[in-house]
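Report on the following structure.
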Amino acid sequence: MTTTPREREAKAKVVVDKDPVPTSFERWGKPGHFDRTLAKGPKTTTWIWNLHADAHDFDSHTSDLEDISRKIFSAHFGHLAVIFIWLSGMYFHGAKFSNYEAWMADPTGIKPSAQVVWPIFGQEILNADVGGG
Numbered sequence: 003m004t005t006t007p008r009e010r011e012a013k014a015k016v017v018v019d020k021d022p023v024p025t026s027f028e029r030w031g032k033p034g035h036f037d038r039t040l041a042k043g044p045k046t047t048t049w050i051w052n053l054h055a056d057a058h059d060f061d062s063h064t065s066d067l068e069d070i071s072r073k074i075f076s077a078h079f080g081h082l083a084v085i086f087i088w089l090s091g092m093y094f095h096g097a098k099f100s101n102y103e104a105w106m107a108d109p110t111g112i113k114p115s116a117q118v119v120w121p122i123f124g125q126e127i128l129n130a131d132v133g134g135g
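Offset between the sequence shown (1-based) and this note's numbering: plus 2.
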């Protein structure tokens, strides 16, 4: 077995500690410091559209197909989570503010309703068609 002399070995450069993009908190406070199209700030509606579009432009972030696919699926399931939380809130409030107990007590005299208007400032007339007033 032969060994290579130390003079011939290639020296490795460590570039991890270098900061290729100088930044500071002052720059972070300015809108669009990372993109020229956003540099005008929130004076136009284009600014808000570009801000949203740049976050979802996965092809500009990387060219790795696996990474792009992972980002698309995670964004997809994140949006689905928001939609299902919104729907579950609608189901919860529909059940909480319904007149189910009153309808079960007198199903012929009271119509089922998902929204009961509480009698504040004479609003009980709105419940009259479902037997509440």
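Glycine residues also receive a C-beta, built at the ideal position from the N, C-alpha and C atoms.
Can you give me the Cβ contacts of Phe51 inside the same chain, cut-off strictly under 8 Å, excluding the 5 residues immediately before and after it? It should be noted that the sequence gives Trp, not Phe, for residue 51. The answer is none, since no qualifying residue turns up.
For Phe86 and Ile74, which I take to be in contact (beta-carbon distance under 8 Å), what is that distance rounded to the nearest angstrom? The C-beta distance from Phe86 to Ile74 rounds to 19 Å, too long to meet the 8 Å contact threshold.
With H, G and I counted as helix, E and B as strand and the rest as coil, what does DSSP make of Asn101? coil
Could you spell out where the alpha helix (DSSP H) holding Ser62 opens and where it closes? Counting along the chain, the alpha helix (DSSP H) containing Ser62 begins and ends at Phe60 to His63.
Inspect the beta-carbon positions of Gln117 and Phe94 and report whether they are closer than 8 Å. no
Distance, Cα to Cα, Phe79 vs Arg72? 11 Å
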